[in-house]
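I have placed the structure first, in the form of structure tokens, so that the comments after it can refer back to it.
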Amino acid sequence: MRKRGIIILSFACLCGSLLSCESGKQSNTQELVLTNLSAVKLMDKAIAISRGKLSEIPEGNVFPVLLTETGDTVAAQLDDLNADQQWDELFFVTDLDAREKMTLQLYWVNTQPGYTKRTSVRFGKRSAKDAPVQPKTRDTLLATQLPKSAGYGYQPYQTDGPTWENDKVGFRHYFDGRNAKDLFGKKVSYMSPDSVGINAEGAVEDNYHVMADWGRDVMAVGNSAGIGGLELMIGDSIYRLGVLPNDTINNVESTVLDVVTEGPVRSILHLTYNNWHPDGTNRTYHLEEQPAIWPGMYAYRNTATISGLQGDEMLLIGINNLDPTDPIKEIPVDDKWIVLLTHDRETYNKEWILGLALILPKELYQGYLEAPKQGRLSQAYFAKMKAKNNQPVNYFAVGGWELSHETFKDPASFRNYVLDLTRQLAADVDVQVK
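Here's what the structure looks like:
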């Protein structure tokens, strides 16, 4: 039997195969005491512990092993968040009953444990039109390097840009200048193949709009920002971050993508938009965003930061409206969050139900607007968020495809899922390191 977030492995087996220190002794151990402070049952609750809180870290290249009181192993990873070649956080997910207190033992081992892969990132690029796609962890897109730019003339990126996924759902970012966010519906818990978006010869190929065993790209994006995409409102006007497919010059001078981490229980990307000049203005902004995903949720978290603000702007966060059947719903949750939610056929040819939602901090939320039916930024709703220079805005984007979970066909069931997820994400867990 397997509890989500916990791999069943006997303590004796673990000691024999993993805890082989040079001294032959099990040392450098600490206790992590987790207490769910809420009345909400938590599934795959994300726990991050900064390096500075851990005092018994052996020297050298070591890896964490977390054991429950019954000797089961909790999958964990170490993440370098600032690219200084030294890890900054211990991260894992676990289940906690309401008000439950859990004690974990933290050990350090010399061999990296093998855990079930529950998150992943896929990003590839071809260096020339006839070159095969190669995996990458970093890339820079200049304003004159669009697929339709003079002297360029091809799509360099696998799946048009990076994808990130967990055991429930996948997302992708159009790194080719469009900067919208798409959704891959999944029918399986394993990760989709690295070959998605390329053919047998390694060339870029759109092979993900047909059904595969794992699922497919199901969401129609059009000229919207997709689910969780970022735009800007200046005064009463809305402005697109980036361009449309037939444009030849970007309004962002350079866009940088970094894969921050890819691990069994968390994957993070970072996007930097240098010198964004919204069309028809004399303004310049610097924008950064950091999509992150961990197991168990039909969602990802994004953190957006902007600078260059003059005081009359609001950050916009998008949600599709290509199918206007279901008007958007605005739902307060526990006086701390606002959920914007739709439940209709935001899919290709309106073939399937796809529930979409944004989970937004109430203290920054300023209402929502509906974009025009046509134009460079259209067929979408946008949450209007109060923004200050260099102050992060955290939110979650949710997508529930009816073939991922049959209950998502029912509007009440999808709504209940989103509200429960909101309360789980908001729940506080006290972490004591001993």
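Add 4 to the 1-based position in the sequence shown for our numbering, that's all there is to it.
Ideal placement from N, C-alpha and C gives every residue a C-beta, glycine not left out.
Counting C-beta pairs closer than 8 angstroms gives fewer than three between the region 342–349 and the region 430–438, which falls short of the contact rule. Its chain contains D262, V264, Q294 as the residues whose beta carbon lies nearer than 6 angstroms to that of H274, once the 5 sequence neighbours on both sides are disregarded; these appear in chain order.
Exposure of R142 is indicated by the presence of fewer than 16 other C-beta atoms within 10 angstroms of its C-beta. Close CB contacts of I335 within its chain, under the 6 angstroms cut and outside five residues either way in sequence, are with V343 (chain order). According to the DSSP assignment, Q109 belongs to the beta strand (DSSP E) that extends over 105–113. By the Cβ test, the region 127–136 is not in contact with the region 209–226, since fewer than three Cβ pairs between them sit closer than 8 angstroms.
Annotation for V256: the continuous beta strand (DSSP E) segment containing it runs 256–266.
CA-to-CA, the gap between V44 and D338 works out to about 13 angstroms.
Burial check for A102: the Cβ neighbour count within 10 Å stays below 16, so the residue is exposed.
DSSP places L150 in the coil class of the three-state scheme, outside both helix and strand. Per DSSP, the continuous alpha helix (DSSP H) segment holding D424 begins and ends at 415–430. Judged by pairs of C-beta atoms under 8 angstroms, the region 238–252 does not touch the region 70–86, as fewer than three such pairs exist. Note on Q428: 16 or more other CB atoms within 10 angstroms of its CB, so buried under the neighbour-count rule.
DSSP places Y178 outside both helix and strand once states are collapsed to three, so it counts as coil.
The C-alpha of Y156 lies about 15 angstroms from the C-alpha of F179. Under DSSP, the beta-bridge partners assigned to Y372 are A387. Non-local beta-carbon contacts of E257 in its own chain, meaning distances under 7 angstroms to residues more than five positions away in sequence, involve A147, N278, N279 in chain order. The residue among A207, K366, F412, T39 with its C-alpha nearest the C-alpha of V397 is K366. For the 9 angstroms CB-CB criterion, G233 and I321 form a contact. Assigned with DSSP and collapsed to three states, F412 falls in helix. Taken in chain order, the whole beta strand (DSSP E) runs of length 3 or more contained in the region 30–104 are 34–40, 46–54, 67–71, 80–83, 93–100.
K129 sits in a strand when the DSSP states are folded into three classes.
Non-local beta-carbon contacts of W91 in its own chain, meaning distances under 7 angstroms to residues more than five positions away in sequence, involve R55, L82, D83, D84 in chain order. Counting only the Cα atoms, E266 lies some 10 angstroms from I297. Counting of Cβ neighbours within 10 angstroms places T329 among the exposed residues, the total staying below 16. Annotation for E205: P136 place their beta carbon closer than 8 angstroms to its own, counting only its chain and skipping 5 residues before and after. Sequence-distant Cβ neighbours of S311 in its own chain, meaning closer than 6 angstroms and more than five residues away, are H290, N393, N394.
A Cβ-Cβ separation of about 27 angstroms leaves P117 out of contact with F175 under the 8 angstroms criterion. Here the alpha carbon of A132 sits roughly 12 angstroms from the alpha carbon of Q149.
Counted as a single uninterrupted DSSP element, the beta strand (DSSP E) harbouring I323 occupies residues 317–324.
Exclusion of the five residues before and after R380 leaves N227, R244, L248, D283 as the residues of its chain whose Cβ lies within less than 8 angstroms of its Cβ. Within the region 214–292, the runs of beta strand (DSSP E) at least 3 residues long that lie entirely inside it are, in chain order, 219–221, 234–238, 241–243, 256–266, 271–280.
The beta carbon of M215 sits closer than 8 angstroms to no other beta carbon from its chain once the five residues preceding and following it are set aside.
The beta-bridge partner set that DSSP reports for G189 consists of V173, R220. If you draw a straight line from the Cα of L360 to the Cα of N254, it is about 29 angstroms long. Burial check for Y304: the Cβ neighbour count within 10 Å reaches 16 or more, so the residue is buried.
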